Amino acid sequence: MDSPYGPLTLVADDGVLCGLYMTDQRHLPPLETFGPRDGSGFGQALEQLAAYFAGELKEFSLQLRLHGTPFQRAVWEQLLAIPYGETRSYGQLADALGNPGASRAVGLANGKNPVSIIVPCHRVVGAGGGLTGYGGGLARKQRLLDFEGGAALF
């Protein structure tokens, strides 16, 4: 789908959304692993993403199938708990997981998030509030944060 952040590729596993990737995204699986291109079955995801980009949706309600290690999935669940327009640090997420020394591991798991935007890894910042890595690039991360903060409505 087209988006204000460039083309997005949605991936499903047995009809359940398991991937949302940006162009040039770090940790992008090989495209041949996605199977044959088929635009059907993404109606609800496309509708909710369009509403999000229009500034009308602040929380997604989609079934997701997140493939990853138990630790990665725990981090991604924490990402889903970060409210729209807010941020958390890697250390805060590590604390919430009961492992305060794991901020670096949280960062690595955050970077492997397979469903960007919907699982809002862009809402995670460094300890001092500064931008740190983002699989879609720091410029996109800043634009998403600005957008959610009300600075740029599309």
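Everything in the sequence shown is counted per my numbering, starting at 1189 for the first residue and increasing by one.
C-beta: ideal position from N, C-alpha, C; glycine also.
The model shown is predicted, which means the values in this text are computed figures rather than measured ones.
Exposed unless 16 or more other CB atoms sit within 10 angstroms - verdict on residue i
i	result
Leu1205	buried
Leu1341	Annotation note: pLDDT 47 at Leu1341 (below 50); position unreliable, no value reported.
Leu1326	exposed
Gly1295	buried
Gly1318	exposed
Gly1207	buried
Ala1269	exposed
Ala1290	buried
CB contact flag (residue i, residue j, <8 Å)
i	j	result
Leu1267	Pro1308	yes
Leu1285	Ala1262	yes
Val1303	Leu1237	no
Trp1264	Leu1254	yes
Met1210	Leu1219	no
Gln1232	Gly1324	no
Arg1328	Tyr1193	yes
Which listed residue (the options) has its alpha carbon closest to that of residue i
i	options	result
Asn1287	Pro1271, Phe1259, Ile1305 and Gly1299	Phe1259
Tyr1272	Leu1281, Gly1289, Glu1244 and Ala1327	Glu1244
Val1199	Phe1241, Pro1192, Ser1191 and Ser1228	Ser1228
Pro1224	Asp1202, Gly1318 and Gly1323	Asp1202
His1215	Phe1335, Gln1330 and Gly1321	Gly1321
Asp1334	Thr1257, Phe1241 and Ala1297	Phe1241
Glu1186	Ala1269, Leu1208, Thr1275 and Ser1291	A query on residue 1186 cannot be resolved here, the shown segment of the chain reaching from 1189 to 1342 and no further.
Glu1235	Gln1330, Ile1306 and Gly1338	Ile1306
Boundaries of the beta strand (DSSP E) in which residue i is found, first to last residue
i	result
Tyr1209	Val1204 to Met1210
Beta bridge counterpart(s) of residue i as assigned by DSSP
i	result
Asp1201	Val1204
Leu1252	Leu1205
Leu1196	Met1210
Val1313	Ser1277
Limits of the unbroken alpha helix (DSSP H) element including residue i
i	result
Asp1283	Tyr1278 to Ala1284
Val1294	Ser1291 to Gly1299
Ala1262	Pro1258 to Leu1268
Phe1335	Leu1326 to Glu1336
Phe1241	Gly1231 to Phe1241
Cutoff 8 Å: residue i Cβ touching any chain B Cβ
i	result
Tyr1278	Looking for chain B here will not work: only one protein chain is present.
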